[in-house]
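Written out below as C-alpha cells is the structure these notes cover.
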Amino acid sequence: MSIWKYANPKKFMETSGWLLPYVTVSAVVCLCVGLVWGFFFTPDDFRQGSTVKIIYLHVPSALMAINAWLMMLVASLVWLVRRHHVSALAAKAAAPVGVTMTLIALATGAIWGEPLWGTYWAWDPRLTSFLILFLFYLGYMALWEAIEDPDTAADLTSVLCLVGSVFALLSRYAVNFWNQGLHQGASLSLDKEKNVADVFYHPLLVSIAGFVLLFLALVLLRTRTEIRARRLKALLRREQTA
Amino acid sequence: MIPVLQRDLALAVKGGGGFGLGLAFFLIIVVLVPFGVGPQSELLSRIAPGILWVGALLSCLLSLDRIFQLDFEDGSLDLLATSPLPLETLALAKAAAHWLTTGLPLTLAAPILGLLLSLPTSAVFWLVLTLAIGTPALSLIGAFGAALTVGLKRGGLLLSILVLPLYIPTLIFGAEVVRRGADGLATATPLLFLGGITAGALAILPFATAAAVRINLR
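So the protein lines, in turn, are chains E and Y.
Each residue of the first sequence is one higher than the one before, counting from 1 in the UniProt record's numbering.
Each residue of the second sequence is one higher than the one before, counting from 1 in the UniProt record's numbering.
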C-alpha cells in the first residue's frame, strides 16, 4: 500500500469513483450544517451586527484559495520528479477551483468591508496579495490553455507553478512592506489558546470542513473528467490512424 | 557566452525594431500621463516615481517575446542548444543582451523623462540607481516568461499575463526607494530588498529559463 499506486489512472479512477459520492455528500452536509448554523443560530456581533456572519464564507474560501495553490505546487513537483500523469492533471484540475475560491474570498471580503471600513476595496496587504494570487492563477490557467501538447503543457505549467510560488510568497511580504493594513491579523491559528469566541468558532470549523470537502470533491471530479478527456482523445486518434 | 551576447546585440542594433522601440514607448507613456491626470506640477511630481517605474516596466515587456522567438523560428535556437555552451549560460546571455538593449537605455533616459513629469531633483539619483539595480531582474524574469511561451504562435499577450505578476515585487521595492528618496527618508531597506530580488533572480531564473527552453525544444 502506497500512495504511488494511484499514479495508475485506472486505479485512480476506481478509487476516486468509489470515494467521490461520499466526499460530495459529506461536503454538502458540512456546508449546509455550517452555513445554516452560522447564519441563523449564532448571535449578532455586538459591534458588527449581522455582517459578521459573512465570516462563514470568507474565511474558509480564503483558506482554500491558498491551499489550492499549495496542492498545485505539490502536484507539479510530483509530476516533474516522478512523471505521473494523474498528478499533472490534478494540478490542472485544481486551478479553476482555486481561482473561484480566490474570487469568493475577494467578493465576500468586499461585501464585508463596505459596512465595516466604508469601502469595498482598500490596498491593504492581505487584499492585495489575494489579488496578486488571482493574477497568478489566471496566468497558470492561460498557459495550460495555450499549449496543445499535453506533456509540454504539464511541464511548462509546473515550472511556472514553482517559480510563481516563489514570487507569490515574495509579493505577499513585499506588500506588507508597501502599505499598512486595515485587515485584522490572523484570527485562526493552531498555536493560540483561544481564537474566536466559541459561538462563532464551532460553526466556522464546520464550514471550513465543508469547504475542504467541497474542494476535494471538485478536484476529484475535474481530475476524473480530465482523465476521461485524455482517454477520449487517445481513442479518437487510434480511430483516425486505423 | 560572449559571442552569443555580441551576436544578440548586433542583431538587436541592425535588425531595428526592438532596440529603439522600448525607448519610444517609454517616452510615449510619460507624455500621455499628463494628458490623463492634468498638468499640475505638484501632482505630477508626486506620481512621477511610480509612473516612471511602471513605464520602464511596460517598455521592458514590449521586447520580451523577441528574446527567444526569432531564434526558435529560424532554428538557431536548436543549434545553440546543441552547442557545448550550457543552456543556462545561454539563458543568462540572452537576458544580458535584453538588458543591454532595453534596461540600460531606459535607465539612462529616465532622468530626462523625469524632467517632463517634474520629478523632484532629490529623487533623480534614486530613480537611476533603482532602475540600474532593478531592470536586470526584469530582463531575467522576462527571459523566463519568453522561454515558457516560445513554442506558441501568438505568445505575446500570454507572455505579458505571465510576466506582469512576477514583476510586482521588483516594482514595489523600486518605486518605494524613489518615493522615499524624493521625501528625503531612509532608503536602505527597500534598496537592499531590490538588490536581493535581482541577485536571487540572477541565481535561480537562468536554470528555470533553461528548463523551459529544453521542454520547448523537445
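For every residue, glycine included, the Cβ atom is placed at its ideal position computed from N, Cα and C.
- Runs of the beta strand (DSSP E) lying entirely within the region 162 to 208 of chain Y and spanning at least 3 residues: none are present.
- The C-beta of I161(Y) comes closer than 8 Å to at least one C-beta of chain E.
- When rounded, the separation of the alpha-carbon atoms in G55(Y) and T189(Y) is 23 Å.
- Put simply, the CB of I67(Y) is far from chain E, with every gap to its CB atoms at 8 Å or more.
- Here DSSP, grouped into helix, strand and coil, assigns G17(E) to helix.
- Interface flag for I132(E) against chain Y is set, since a Cβ pair is found closer than 8 Å.
- If you draw a straight line from the Cα of L61(Y) to the Cα of A175(Y), it is about 17 Å long.
- Below 8 Å, too few C-beta pairs join the region 152 to 160 of chain E and the region 202 to 209 of chain E to call them touching: fewer than three.
- For L87(Y) against A210(Y), the beta-carbon gap comes to about 4 Å, under 8 Å, which counts as contact.
- Selection G164(E), D149(E) and Q48(E) evaluated against E114(E) yields Q48(E) as nearest (Cα-Cα).
- The Cβ-Cβ distance between A212(Y) and L140(Y) does not fall below 8 Å.
- Taking a Cβ-Cβ threshold of 8 Å, the residues of chain Y close to S171(E) are P165, I168, P169 and I172, in chain order.
- For Y167(Y), the closest alpha carbon among the candidates I132(E), Q180(E), L35(E) and L138(E) is that of I132(E).
- Contact of G34(E) with chain Y by beta-carbon distance below 9 Å is absent, the smallest such distance being about 33 Å.
- For W79(E) and D183(Y), the gap between their C-alpha atoms comes out near 49 Å.
- Per DSSP, reduced to three states, the secondary structure at G38(E) is helical.
- For a Cβ distance threshold of 7 Å, residue set F144 and A208 of chain Y lies close to V163(E), ordered along the chain.
- The residue among P49(Y), D74(Y), T89(Y) and L115(Y) with its C-alpha nearest the C-alpha of T130(Y) is P49(Y).
- With fewer than three CB-CB distances shorter than 8 Å, the region 92 to 104 of chain E does not count as touching the region 12 to 31 of chain E.
- By the CB criterion at 8 Å, F144(Y) and L205(Y) fall inside the cutoff.
- Looking at the backbone, the Cα of I28(Y) and that of K92(E) are separated by about 40 Å.
- Apart from the 5 residues on each side of it in sequence, G164(E) sits with its Cβ closer than 8 Å to the Cβ of F136, G139 and Y140 in its chain, given in chain order.
- Under the 8 Å criterion on CB atoms, I29(Y) is classed as non-interfacial with respect to chain E.
- DSSP places A81(Y) inside the alpha helix (DSSP H), whose first and last residues are S76 to T82.
- The residues S158 and L162, in chain order, have a CB closer than 8 Å to that of L77(E) in the same chain once the five nearest residues on each side in sequence are set aside.
- With contacts defined by Cβ atoms closer than 8 Å, F200(E) and P60(E) do not form a contacting pair.
- Residue-level contact by beta carbon holds for I147(E) and chain Y, with a gap shorter than 8 Å.
- Residue contact check for A174(E) against chain Y: a CB pair falls below 8 Å.
- P105(Y): member of the alpha helix (DSSP H) spanning L104 to L116, first to last residue.
- Using a Cβ-Cβ cut-off of 8 Å, W144(E) does not count as an interface residue toward chain Y, since no Cβ of chain Y sits closer than that to its own.
- G114(Y) is positioned such that its CB atom lies no closer than 8 Å to that of L138(Y).
- For the pair S87(E) and A75(E), the CB atoms are nearer than the 8 Å cut-off.
- Around I111(E), the same chain offers no residue with a beta carbon nearer than 6 Å, after the five sequence neighbours per side are excluded.
- The beta carbon of A201(Y) is closer than 8 Å to those of P136, A137, L140 and I141 in its chain, skipping five residues each way along the sequence.
- Restricting attention to T223(E), V219(E) and L170(E), the CA atom closest to the CA of P125(E) is found in L170(E).
- Straight-line measurement puts the Cα of P169(Y) at about 8 Å from the Cα of F167(E).
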